[in-house]
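Below: the structure, in structure tokens.
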Amino acid sequence: MHRLFVAIRPPATVRAQLIAAMGGVPGARWQDGDQLHATLRFIGEVERPLAEEVAIALGSLRAAPFALRVEGVGSFDRRGRVHTLWAGLRPHDDIARLHRKVDQALAAIGLPREGRAYLPHVTLARMGGSAGPVDRFLADHAGLASPPFPVEHFYLYESTLGHEGARYEAIERYPLRG
Numbered sequence: 053m054h055r056l057f058v059a060i061r062p063p064a065t066v067r068a069q070l071i072a073a074m075g076g077v078p079g080a081r082w083q084d085g086d087q088l089h090a091t092l093r094f095i096g097e098v099e100r101p102l103a104e105e106v107a108i109a110l111g112s113l114r115a116a117p118f119a120l121r122v123e124g125v126g127s128f129d130r131r132g133r134v135h136t137l138w139a140g141l142r143p144h145d146d147i148a149r150l151h152r153k154v155d156q157a158l159a160a161i162g163l164p165r166e167g168r169a170y171l172p173h174v175t176l177a178r179m180g181g182s183a184g185p186v187d188r189f190l191a192d193h194a195g196l197a198s199p200p201f202p203v204e205h206f207y208l209y210e211s212t213l214g215h216e217g218a219r220y221e222a223i224e225r226y227p228l229r230g
């Protein structure tokens with residue numbers, strides 16, 4: 053089985069800026085530089101033949117390059133408990149359009165469509181049950197911003213889960229061209 057997702061990887065300068073902002077929340081599991089990405093579509097576990105179809109379907113996708121910037125931070129919660137801290141990405145239009153194209157390409161080969169609303173972000177930390185309060189982090193980094201950076205390609209990643217968290221490996225790179 054292959055656990056797959058499709059993502060954009062910010063440039064090294066932006067990843068360094070995000071890493072510099074991390075900290076100050078006891079018990080948070082902060083992402084490292086190799087884990088920082090903006091998911092376009094989580095696919096999940098698939099057998100090899102379907103993984104190959106995914107790679108081919110993504111290769112046929114056409115979308116123009118665009119620019120993004122980091123803007124602000126936020127959190128996702130479940131039943132009132134924060135489980136993820138993230139940095140936002142703006143503007144939403146181009147990345148949301150790419151997300152829809154990826155979703156359509158995968159639906160065309162039989163994968164179910166994404167059911168959740170899409171919010172472009174880079175996950176900074178995962179929060180366990182013992183993680184400390186996040187209000188101070190959110191307030192201190194509300195103005196987090198990067199210069200615009202070009203998005204000229206996206207990746208198909210394989211995720212391997214282990215004792216120390218997930219390890220991501222880019223297995224295919226797709227250029228954006230209009």
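The sequence shown begins at 53 in this note's numbering and counts up by one. All C-beta atoms in this analysis are idealised placements derived from N, C-alpha and C, irrespective of residue type, glycine included. On a predicted model such as this, the values are computed, not experimentally measured, just so you know.
Under the DSSP assignment, I95 falls in the beta strand (DSSP E) whose first and last residues are 90 to 98. In this structure, the beta-carbon distance from K153 to A197 does not fall below 7 Å. Leaving aside the five residues that flank T175 on each side, the residues in its chain whose CB is nearer than 7 Å to its CB run, in chain order, Q83, T136, W138.
The beta carbon of M53 sits closer than 6 Å to the beta carbons of E97 from its chain, once the five residues preceding and following it are set aside; these are given in chain order. Inter-residue distance for P62 and R55 is about 21 Å (C-alpha atoms, whole angstroms). Linking S127 to L228 through their CA atoms gives a straight-line distance of about 29 Å. In the DSSP assignment, A72 falls within the unbroken alpha helix (DSSP H) covering 64 to 73. Per DSSP, the unbroken beta strand (DSSP E) holding H135 starts and ends at 133 to 142.
Counted as a single uninterrupted DSSP element, the stretch harbouring D84 is not any beta strand (DSSP E), since DSSP gives it neither H nor E. Judged by their CB atoms, L92 and H151 are nearer to each other than the 7 Å cut-off. Contact between L141 and L120 is confirmed by a C-beta separation of about 5 Å, below the 8 Å threshold. By the neighbour-count criterion, in which 16 or more other beta carbons inside 10 Å mark a residue as buried, A90 falls on the buried side.
G181 is the residue among G181, H144, A157 whose C-alpha sits nearest the C-alpha of G132. In the three-state DSSP reduction, I161 falls in the coil class, being neither helix nor strand. In the structure shown, R152 adopts helical secondary structure according to DSSP, grouped into three states. R219 is classed as exposed because its beta carbon has fewer than 16 other beta carbons within 10 Å across all chains shown. In the displayed model, A103 falls within a helix according to three-state DSSP.
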